[in-house]
Each structure stands twice: as C-alpha cells, then as structure tokens.
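J.: From first to last, the protein sequence lines stand for chains C and F.
The first sequence begins at 9 in our numbering and counts up one residue at a time.
The second sequence begins at 9 in our numbering and counts up one residue at a time.
We treat Cβ as the ideally placed atom computed from N, Cα and C, and that holds for glycine.
All of these numbers come straight from a predicted model, not from anything done at the bench.
Could you have a look at this structure, given as structure tokens, before my questions?
2 protein chains.
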Amino acid sequence: MELDARKLEILFAIIENYQETGEPVGSRTISKLDRLNLSPATIRNEMSDLEEMGLIVQPHTSAGRIPTDKGYRLYVDRMLADQAKKAEEPRDLPALPMQDLLTRRIDRVEEMLLKMAQILAANTNYTTMVTGPHSRKSKLKFLQLSPMDKGRILAVVVLSGDIVKNNILTLDEEVGSDELMELNFILNKRLTGLSLEEINLSVISGLKNEAGDHVEVVSKVLDAVAETFAKEDSYPVYTSGAPNIFRYPELTGGDRASELISTLEEKKTLGSAIGSLTSPAGSRQDIQVYIGDEVPVESMKDCSVVTATYSLGDGVQGKIGIIGPKRMNYQKVVDTLQETMSHLDGIFLQTEE
Amino acid sequence: MELDARKLEILFAIIENYQETGEPVGSRTISKLDRLNLSPATIRNEMSDLEEMGLIVQPHTSAGRIPTDKGYRLYVDRMLADQAKKAEEPRDLPALPMQDLLTRRIDRVEEMLLKMAQILAANTNYTTMVTGPHSRKSKLKFLQLSPMDKGRILAVVVLSGDIVKNNILTLDEEVGSDELMELNFILNKRLTGLSLEEINLSVISGLKNEAGDHVEVVSKVLDAVAETFAKEDSYPVYTSGAPNIFRYPELTGGDRASELISTLEEKKTLGSAIGSLTSPAGSRQDIQVYIGDEVPVESMKDCSVVTATYSLGDGVQGKIGIIGPKRMNYQKVVDTLQETMSHLDGIFLQTEE
DNA sequence: TGTTAGCACTCGTCAGGTTAGAGTGCTAAC
DNA sequence: GTTAGCACTCTAACCTGACGAGTGCTAACA
Chain C
9 MELDARKLEI
19 LFAIIENYQE
29 TGEPVGSRTI
39 SKLDRLNLSP
49 ATIRNEMSDL
59 EEMGLIVQPH
69 TSAGRIPTDK
79 GYRLYVDRML
89 ADQAKKAEEP
99 RDLPALPMQD
109 LLTRRIDRVE
119 EMLLKMAQIL
129 AANTNYTTMV
139 TGPHSRKSKL
149 KFLQLSPMDK
159 GRILAVVVLS
169 GDIVKNNILT
179 LDEEVGSDEL
189 MELNFILNKR
199 LTGLSLEEIN
209 LSVISGLKNE
219 AGDHVEVVSK
229 VLDAVAETFA
239 KEDSYPVYTS
249 GAPNIFRYPE
259 LTGGDRASEL
269 ISTLEEKKTL
279 GSAIGSLTSP
289 AGSRQDIQVY
299 IGDEVPVESM
309 KDCSVVTATY
319 SLGDGVQGKI
329 GIIGPKRMNY
339 QKVVDTLQET
349 MSHLDGIFLQ
359 TEE
Chain F
9 MELDARKLEI
19 LFAIIENYQE
29 TGEPVGSRTI
39 SKLDRLNLSP
49 ATIRNEMSDL
59 EEMGLIVQPH
69 TSAGRIPTDK
79 GYRLYVDRML
89 ADQAKKAEEP
99 RDLPALPMQD
109 LLTRRIDRVE
119 EMLLKMAQIL
129 AANTNYTTMV
139 TGPHSRKSKL
149 KFLQLSPMDK
159 GRILAVVVLS
169 GDIVKNNILT
179 LDEEVGSDEL
189 MELNFILNKR
199 LTGLSLEEIN
209 LSVISGLKNE
219 AGDHVEVVSK
229 VLDAVAETFA
239 KEDSYPVYTS
249 GAPNIFRYPE
259 LTGGDRASEL
269 ISTLEEKKTL
279 GSAIGSLTSP
289 AGSRQDIQVY
299 IGDEVPVESM
309 KDCSVVTATY
319 SLGDGVQGKI
329 GIIGPKRMNY
339 QKVVDTLQET
349 MSHLDGIFLQ
359 TEE
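Quick look at the structure:
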C-alpha cells in the first residue's frame with residue numbers, strides 16, 4: 009500500500025488532534041477540517057488503510073483511532089526533516105524566561121542547570137531531567153589546600169569546565185601553614201593540566217619523593233582528586249516538574265505514576281540511562297527523540313523522551329531530557345530545547361570572553 | 009463522660025488495627041482480642057461513647073470506626089509519656105543500616121544527610137525530608153582566594169559548621185598572584201570569626217582602605233560572603249521516599265498525590281514551613297508530632313509529620329521530618345528517629361575528637 | 001448494674017441489565 | 001473515486017437488587 013500525501017495529512021491531523029484532546033479521533037472530527045474537504049466516509053476508508061499500515065489503531069471496535077509508536081515516529085521524523093530545511097526562518101515562540109540564567113552570579117553551573125530544568129518544566133508542562141556537566145577527558149585545573157582547624161585541611165579541587173569540589177581532609181599529623189603552602193605549590197606544579205589517566209604511578213612517586221615528610225597529606229589529597237574525577241563520572245542528575253505527569257491520565261493509571269516518580273527519584277539509574285543514550289536514528293543536530301519502547305527505561309515505556317546535548321566547551325557536556333506522554337507536543341518541545349541550547353551557548357560564550 | 013482504662017484500651021486497639029489494615033474497625037474485630045474478653049455488643053456501647061467524646065468516627069452509618077485527629081493525639085501523647093518513663097529500657101529495634109554514614113569520607117555534610125533521608129525512607133516506608141545544617145549565629149571561618157583563569161578567581165567561603173561554598177568571580181581588572189595572596193591575607197585578618205551582623209560598614213571601609221587598588225575584588229568577595237550567609241538562611245532541603253505515599257490510598261485519592269509530590273518538589277516552601285515549626289505542645293526531647301490539621305502545610309492536612317532536630321554543635325542544626333498518613337506507626341517512627349539521633353551524635357563526636 | 005444475645009435497620013459494594021451515543025464497516029448510488 | 005445511508009459494535013453511564021458488614025436498641029441474664 010502506498011502512503012500518499014492525503015493519507016499523511018490525515019495521519020498528522022489525527023496525531024495533532026489526539027495531542028490536544030487525549031481522546032481517540034473519529035472520522036467526523038477529521039472531516040470537519042477545512043483543508044481536506046472530505047466526507048467522514050472517505051476519511052474512514054483512508055483510516056482503514058492507515059490502520060493496515062500500522063500507523064494508527066483503535067483502542068476498541070467502536071472507537072476513534074489513536075497513533076501507534078510507528079505513527080509517531082513517522083510524524084517526528086518528518087517534522088525534524090522539515091525543520092532542518094527551514095531552520096533559517098525566524099520562529100516566534102513565546103520567549104522563555106531565561107534571563108535569570110544570564111545573571112553573573114553563577115557560582116555553580118549546577119545551580120544554573122537546575123534552574124534551567126525548572127524553567128523548561130514550567131514552560132512545557134512536561135517533566136525534565138538534566139545531567140550535570142561531565143567530561144571523559146577533563147583535566148585538573150588546579151587545587152588549593154587551606155588550613156581549617158587543628159588536624160583538618162580543606163582541599164578544593166577544580167577540574168576543567170569549572171567543576172569545583174570541596175574535600176575536608178582529616179590528618180593524623182600536624183602540618184604548619186608554611187608547609188601547607190609549600191605542598192600546595194608542589195602539588196599544583198606536578199598535577200595541574202593532567203587528566204585522571206595521566207596521573208600515573210611515576211607522577212605519584214615523584215610527588216611523594218618531593219613531598220618529603222608529608223606523604224600522608226599527599227596521598228589523601230590524591231584520594232580526593234581521584235574521587236572528584238570519579239564523582240564527575242557518576243552523572244549528577246537534576247529533575248523538575250515531576251508532578252506534571254499527573255496532567256496526563258495515560259501516565260497515571262494503575263501503578264504507573266508511582267513507578268515513574270520512583271524512577272525520577274532514583275537519580276543514579278536515571279543518570280546512567282540517559283547518559284548511555286546515543287543517536288539511534290541519525291537525526292537533526294543534537295536533538296534526539298525516543299518514542300515509547302525506544303526509551304531505555306522500563307517505567308517510561310508509555311512515555312516519549314526528547315534529549316539534547318549541551319556543551320560547555322573543553323569537551324565538558326551533559327544531557328537535557330524532556331519526558332512526557334507519547335502524545336507530547338514534539339514540535340514545541342524540540343523548538344524549546346533548541347532555543348535553550350542557543351541560550352546556553354550565549355551564556356557560555358559570555359563567560360568565556 | 010469519663011475515659012476509663014477500658015475505653016482507652018479499646019481506643020488504642022482500634023487505632024492499632026486501623027494502622028495495619030487501613031479499614032474501618034468493627035466491634036467484632038475488637039471483641040476477638042483476647043486481652044479484653046468482651047462481646048461485640050459491649051464493644052459497641054463503648055465505641056458509641058468514644059464517638060460521643062470525639063475520639064473516633066464512622067465514615068458512614070454502617071461502617072466500623074476510624075480514629076479522629078483527637079483520638080490520634082491522645083494516643084501519641086500517651087505513647088510519648090510512656091516512652092519518657094521507660095526510656096532506660098533497652099529496645100530491640102532492627103538496627104538501621106547506618107554504618108555507611110560512619111565512613112570517614114564525608115566530604116560534605118549534605119551528602120550524609122541525603123543518605124540518611126534515604127535510609128529513613130526505606131526503613132519506615134514513609135516520606136522523609138531533611139533540612140540542611142543551619143545556624144542563626146554562624147561565623148566566617150575563613151576564606152580563600154585562588155587564581156583561576158585570566159580575569160577570574162575562585163573564592164571559597166567557609167562558615168562555622170564546615171559549610172563550604174565556592175564562588176567563581178569574574179573581574180574587570182587583572183590581579184596578580186602575589187597581590188591575590190596579599191588580599192587573601194588582609195581579608196582573612198579582618199573578617200575571620202565575624203558573623204554577618206558584625207561585618208558592618210566600618211569593617212568594610214577599613215578593608216577597602218587597606219586593599220588599596222583592589223576595591224573591586226574586595227567588594228565582589230564581600231558580595232560572595234554575604235550570599236553564602238544568605239544561602240545558609242534559605243534552608244536547603246533533601247527529600248526521599250516520595251513514592252511511598254502511593255502505599256497509602258488515603259493519600260492518593262483525587263489530586264492529593266499530585267499536590268503532595270508538588271509540595272515535596274518545591275523544596276523552598278517546604279524548607280521554610282518545616283523551619284518555622286516550633287514545639288507546640290511540650291513534648292519529649294526534640295521529637296515533635298504533628299497530626300492532620302496541626303501540620304502547617306496545606307497539602308499535608310491528611311498527613312502526620314514527625315520531626316526531630318539534629319545538632320552538629322556550634323549552634324548549627326537542622327530538622328528531619330517524616331511524613332506519612334495519619335495512621336502512621338508513630339511508635340516505630342519515633343523510635344527510629346531517636347536511634348538516628350544517637351547515631352548522628354556518635355558521628356559528630358567522632359568527627360570532633 | 002454491667003454484660004450479652006437477638007433483631008431490625010442502614011448503607012456501601014458488587015454483579016447484572018439497560019440505554020444512549022459515538023464510531024465503525026459495508027453497500028449501493030452518484 | 002466519493003459519498004449517503006444503515007446496520008452493527010462497543011463503551012460509559014445509569015439503574016437495580018442482592019448481599020454483607022456493621023450498627024443501635026431492647027430485653028434478658030448474672
């Protein structure tokens with residue numbers, strides 16, 4: 009069977025109507041549309057064909073049609089292709105209230121990401137998740153040891169991409185202020201600019217030689233550094249708008265709501281799931297759309313997820329995901345994500361200059 | 009009407025049965041209990057009296073009884089009083105898996121608190137919330153300026169209670185490494201040990217005099233310090249076990265689940281609400297029980313909340329709250345919180361030594 | 001006087017039946 | 001190829017009656 013232009017138009021009309029109402033769409037509803045001036049009977053014939061092609065289904069005999077995953081997939085692919093073509097055209101979305109993000113007082117990228125997740129959730133009425141910035145090839149920018157109390161020092165570790173982590177180290181030996189500065193100097197000289205892999209045994213033994221008496225401090229600092237790198241690998245995850253799932257009855261029936269909320273609370277699972285996502289079907293830019301079963305998280309098989317990869321330069325990057333029902337407004341979500349990306353780029357460039 | 013021992017026993021039997029089943033309790037159920045060998049008819053008479061006293065109600069004419077807020081309040085007060093008396097007795101609860109918390113690698117108190125919230129939620133099957141450590145009279149312990157890139161420095165601010173915050177400052181002027189160290193020294197000399205109130209105009213102008221050319225740096229650092237104090241006031245809040253509310257149908261009917269989850273996600277509202285709680289009825293130790301309407305959060309009027317105040321010394325303290333249905337197992341929750349508190353004390357003492 | 005057995009009564013739940021309406025597929029005519 | 005008409009199907013909503021849990025009241029009992 010052939011999928012001609014009219015069938016496509018009808019399919020898309022069904023999808024868009026279903027997106028708005030959440031109810032199965034009948035032939036009468038479609039026939040009322042002006043652009044394809046057709047009687048319900050004709051629509052019914054076409055619908056029957058579309059069903060045969062696996063693009064729509066009836067929940068039960070005397071009901072209207074709803075799109076299948078395959079139907080959505082067709083719709084989304086077409087949409088993304090269209091968008092790629094006319095990417096130049098100005099689009100007039102209501103501007104996101106992202107101004108706040110531009111404030112100079114971004115002390116932690118993480119805070120900004122969380123805020124971004126909140127803005128996205130509020131604007132789309134879906135649930136958002138954002139993985140913290142992350143890099144396979146991040147390097148040690150510098151570290152800073154400061155005396156705190158008797159027997160305790162504060163070690164601040166800074167990685168490329170401005171990932172900062174504080175470690176309070178408890179020492180058995182006493183280290184004087186001057187000695188600490190000396191150590192600080194040595195450690196930075198030896199370690200600055202190295203990645204985790206590059207801090208190998210020879211570097212370490214060289215360091216320990218040079219450190220003289222203060223082997224304990226050095227090894228604890230090294231532990232802290234290793235842990236910072238490791239933590240960086242563990243994808244911190246921020247979510248927002250979890251309660252939005254209650255807007256969509258198809259996501260809250262049975263235990264679904266509970267399972268979804270649980271998944272969102274288990275940030276770790278979520279983080280590695282979203283982190284493992286890679287472009288399946290070659291799609292536009294960094295934006296990926298996963299529909300129903302394509303989502304690699306069991307409890308989200310009734311959802312669709314749209315992800316985008318943001319990049320803060322230096323190879324530091326992370327993912328933003330928007331989770332909604334399969335009938336989510338893909339167009340709006342993709343547009344919104346795209347706008348968010350350009351904002352992020354703007355912020356990044358500004359910081360960089 | 010008088011509340012004799014037998015009435016009390018029946019009331020408590022009703023409460024405990026209702027806690028287990030979540031179903032209204034009938035007279036037959038109670039009469040089956042061995043300890044008060046009574047016929048259903050007698051129980052009915054007593055129940056009728058209890059209802060007149062406002063301690064129990066019937067959801068509808070031909071149903072069993074469920075406790076009222078007043079009934080729970082009586083039960084809880086009695087329980088807390090009992091517990092105070094026999095506080096010495098060893099209690100054999102299944103030990104909480106708190107060992108993890110004892111690990112030395114507590115780089116941030118916050119992480120430990122989150123983990124604690126998770127353990128509590130998993131063990132009680134209720135929802136937990138924990139406010140971050142917080143102090144009205146916290147002081148600046150020290151600060152540390154480090155050069156980062158061209159035009160940017162990292163300012164680490166440490167408050168009493170080991171509250172550490174990083175601030176990346178973007179400067180218009182260029183500051184050399186030596187000058188930065190000098191500034192570092194001056195700032196620490198002038199500011200260390202002061203609380204927010206004590207950093208007044210005269211301190212600031214003195215500082216600016218001494219700083220010479222680098223007024224910009226000083227004022228930006230002061231902003232960062234002020235913000236750290238302010239942030240400290242804003243109660244970070246961790247929650248865990250939100251999905252547990254789905255275990256209790258009385259909390260998930262209608263829009264209740266959605267509202268509860270929303271409230272939990274709005275950490276800020278939650279923080280100030282839980283922060284504002286003060287001991288209403290004088291109760292045992294630091295543990296407070298709020299039942300139904302006593303909870304100062306609109307969406308939690310169908311819940312009970314048990315809170316405990318933890319203290320990390322130096323006046324630094326925070327609150328733990330356990331949120332569950334009104335029929336929650338108060339005994340278990342109070343015991344568990346008490347055990348957690350002693351664990352925390354243990355950790356704190358160990359860190360201090 | 002407190003306790004208990006018996007009984008009529010109330011009310012919510014559940015299964016079964018009915019109805020109205022939405023939507024379809026098919027057929028025949030245009 | 002399109003459309004009108006019609007019989008058919010299925011769900012949701014509503015009603016109904018039977019059932020059972022639980023009560024309150026009364027009268028008898030220890």
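Do you know offhand how far I161(F)'s Cα is from T178(F)'s?
T.: Numbered from its first residue, the second sequence carries residue 161(F) at position 153. Numbered from its first residue, the second sequence carries residue 178(F) at position 170. About 7 Å.
J.: What does the alpha-carbon distance come out to for the pair S291(C) and V342(C)?
T.: Within the first sequence, numbered from 1, the residue matching residue 291(C) stands at position 283. Within the first sequence, numbered from 1, the residue matching residue 342(C) stands at position 334. Low confidence applies here, because S291(C) scores a pLDDT of 45, under 50, leaving its location unreliable and the question unanswered by this model.
J.: Are at least three pairs of beta-carbons, each pair with one atom in the segment 295–308 of chain C and one in the segment 118–125 of chain C, less than 8 Å apart?
T.: No, they do not touch.
J.: Hey, I38(F) and A13(F): beta-carbon distance below 7 Å or not?
T.: Numbered from 1 along the second sequence, position 30 holds the residue referred to as residue 38(F). Numbered from 1 along the second sequence, position 5 holds the residue referred to as residue 13(F). Going by C-beta atoms, I38(F) is not nearer than 7 Å to A13(F).
J.: Let me make sure I understand the geometry here. Which of F150(C), D77(C), E31(C) and P251(C) has the alpha-carbon closest to that of K309(C)?
T.: Reading the first sequence from its first residue, position 301 is the one you call residue 309(C). Here the closest residue by C-alpha is D77(C).
J.: List, in chain order, every chain F residue whose beta-carbon is nearer than 7 Å to that of D170(C).
T.: As a first step, residue 170(C) must be located in the first sequence, where it is residue number 162. Going along chain F in sequence order, the residues near D170(C) (Cβ under 7 Å) are I176.
J.: Roughly how many angstroms lie between the CA atoms of T132(C) and Q152(C), to the nearest whole one?
T.: Here residue 132(C) refers to the residue found at position 124 when the first sequence is read from its first residue. Here residue 152(C) refers to the residue found at position 144 when the first sequence is read from its first residue. Cα-Cα distance, rounded: 42 Å.
J.: Please list the partners that I355(C) has in chain F, where partner means a Cβ-to-Cβ separation under 7 Å.
T.: Residue 355(C) sits at position 347 when you count from the first residue of the first sequence. Under the 7 Å cutoff, chain F gives no residues; its nearest Cβ is about 12 Å from I355(C).
J.: Note down, in chain order, every chain C residue with its Cβ under 7 Å from the Cβ of P396(F).
T.: With chain F covering 9 to 361 only, the question about residue 396(F) has no answer from this structure.
J.: To the nearest angstrom, how far is the alpha carbon of G140(C) from that of G323(C)?
T.: The sequence position of residue 140(C) within the first sequence is 132, counting from 1. The sequence position of residue 323(C) within the first sequence is 315, counting from 1. Cα to Cα, G140(C) sits roughly 13 Å from G323(C).
J.: DSSP three-state label for P257(C), please.
T.: As a first step, residue 257(C) is located in the first sequence; it is residue number 249 there, counting from the start. Helix, per DSSP.
J.: Give the interface partners of S385(C) over in chain F, defined as CB-CB distance under 9 Å, in chain order.
T.: Since the first residue of chain C shown is 9 and the last is 361, residue 385(C) is not available in this structure.
J.: For G329(C), tell me which candidate among C311(C), I74(C) and R335(C) has the shortest Cα-Cα distance.
T.: Working through the first sequence from its first residue, we reach residue 329(C) at position 321. Comparing Cα positions, the closest option is C311(C).
J.: Using DSSP bridges, identify the partner residues of N174(C).
T.: As a working mapping, residue 174(C) is identified with position 166 in the first sequence. V164(C).
J.: Does S146(C) come within less than 7 Å of chain F when only Cβ atoms are used?
T.: The count along the first sequence starts at 1 and reaches residue 146(C) at position 138. Not closer than 7 Å to any Cβ of chain F, the Cβ of S146(C) fails to qualify, so no.
J.: May I ask you to report which of helix, strand or coil DSSP gives K145(C)?
T.: Position 137 of the first sequence, counted from the start, is the residue given in the question as residue 145(C). In the structure shown, K145(C) sits in coil (DSSP, three-state: anything other than H, G, I, E or B).
J.: M137(C) bridges to which residues according to DSSP?
T.: Walking along the first sequence from the start, residue 137(C) turns up at place 129. Paired residues: T247(C) and G329(C).
J.: Check whether the Cβ of Q152(F) lies closer than 7 Å to any Cβ atom in chain C.
T.: Indexing the second sequence from 1 puts residue 152(F) at position 144. Taking Cβ atoms only, chain C reaches closer than 7 Å to Q152(F), which makes this a yes.
J.: Confirm, please, whether the CB-CB distance from K149(C) to L167(C) is below 7 Å.
T.: The residue given as residue 167(C) occupies position 159 in the first sequence. The residue given as residue 149(C) occupies position 141 in the first sequence. Contact: yes.
J.: At which residues does the beta strand (DSSP E) containing V313(C) begin and terminate?
T.: For this step, residue 313(C) is matched to residue 305 along the first sequence. Note, V313(C): beta strand (DSSP E), C311 to S319.
J.: For T111(C), I'd like the list of residues in its chain whose CB is within less than 6 Å of its CB, leaving aside the five on either flank, ordered along the chain.
T.: Along the first sequence, one-based indexing puts residue 111(C) at 103. Below a pLDDT of 50, predicted positions are generally treated as unreliable, and T111(C), at 45, falls in that range; no measurement from the model is reported.
J.: Name the DSSP beta bridge partners of V6(C), please?
T.: Residue 6(C) is absent from the structure shown; chain C starts at 9 and stops at 361.
J.: Going along chain C, which residues have a C-beta under 8 Å from L162(F)?
T.: Counted from its first residue, the second sequence places residue 162(F) at position 154. Residues of chain C passing the Cβ test: Q152, V164, V166 and V172.
J.: Could one say the Cβ of F254(F) lies closer than 7 Å to chain C's Cβ atoms, at least one of them?
T.: If you number the second sequence from 1, residue 254(F) lands on position 246. Chain C contact via Cβ: present.
J.: Using 10 angstroms around the beta-carbon of A289(C), count the other beta-carbons present and answer buried if the total reaches 16, otherwise exposed.
T.: Residue mapping note: residue 289(C) aligns to position 281 of the first sequence, counting from 1. Only weak support is given to the placement of A289(C): the predicted model assigns it a pLDDT of 47, under 50, and the value that follows is read from those uncertain coordinates. So A289(C) ends up on the exposed side.
J.: I want to verify the contact list: residues of chain F whose CB lies under 9 Å from the CB of M156(C), in sequence order.
T.: Position 148 of the first sequence, counted from the start, is the residue given in the question as residue 156(C). K149, F150, V166 and D170, listed in chain order.
J.: Going by other Cβ atoms of all chains shown within 10 Å of its Cβ, with 16 needed for buried, is H68(C) buried or exposed?
T.: Locating residue 68(C) in the first sequence gives position 60, where the first residue counts as 1. By the 10 Å Cβ count, H68(C) comes out exposed.
J.: Flag this pair as touching only if the segment 250–261 of chain F and the segment 201–220 of chain F have three or more C-beta atom pairs under 8 Å; answer yes or no.
T.: Result no; under three Cβ-Cβ pairs closer than 8 Å.
J.: Below 8 Å on the Cβ atoms is my guess for A250(F) versus I269(C); work out the distance and round it to an integer in Å.
T.: Here residue 250(F) refers to the residue found at position 242 when the second sequence is read from its first residue. Here residue 269(C) refers to the residue found at position 261 when the first sequence is read from its first residue. The pair is a contact, with the Cβ atoms about 6 Å apart (cut-off 8 Å).
J.: Assign M9(F) to buried or exposed, taking buried as 16 or more other Cβ atoms, counted over all protein chains shown, within 10 Å of its Cβ.
T.: Locating residue 9(F) in the second sequence gives position 1, where the first residue counts as 1. Burial call: exposed.
J.: Under the rule that 16 or more other beta-carbon atoms within 10 Å means buried, what is F193(C), buried or exposed?
T.: Locating residue 193(C) in the first sequence gives position 185, counting from the first residue. The residue in question, F193(C), is exposed, as its Cβ has fewer than 16 Cβ neighbours within 10 Å.
J.: My guess is that V165(C) and T236(C) are in contact by the Cβ rule of under 8 Å, so how many angstroms apart are they, rounded?
T.: For the purposes of this step, residue 165(C) is taken as residue 157 along the first sequence, with counting starting at 1. For the purposes of this step, residue 236(C) is taken as residue 228 along the first sequence, with counting starting at 1. With 8 Å as the limit, V165(C) and T236(C) qualify as a contact, their Cβ atoms being about 4 Å apart.
J.: Rounded to the nearest angstrom, how far is the Cβ of M137(F) from that of I282(F), given a contact under 8 Å?
T.: For the purposes of this step, residue 137(F) is taken as residue 129 along the second sequence, with counting starting at 1. For the purposes of this step, residue 282(F) is taken as residue 274 along the second sequence, with counting starting at 1. Yes, M137(F) and I282(F) are in contact; Cβ-Cβ is about 6 Å, under 8 Å.
J.: Beta-carbon within less than 6 Å of L46(C)'s beta-carbon, same chain only, minus the 5 sequence neighbours each way: which residues are those?
T.: Residue 46(C) sits at position 38 when you count from the first residue of the first sequence. Cβ neighbours of L46(C) beyond the five flanking positions: S39.
J.: According to DSSP, is P304(F) part of a helix, a strand, or is it coil?
T.: By 1-based counting over the second sequence, the position of residue 304(F) is 296. Three-state DSSP puts P304(F) in coil, outside helix and strand.
J.: Rounded to whole angstroms, what is the Cα-Cα separation between A219(C) and P244(F)?
T.: By one-based count along the first sequence, residue 219(C) stands at place 211. By one-based count along the second sequence, residue 244(F) stands at place 236. Cα to Cα, A219(C) sits roughly 39 Å from P244(F).
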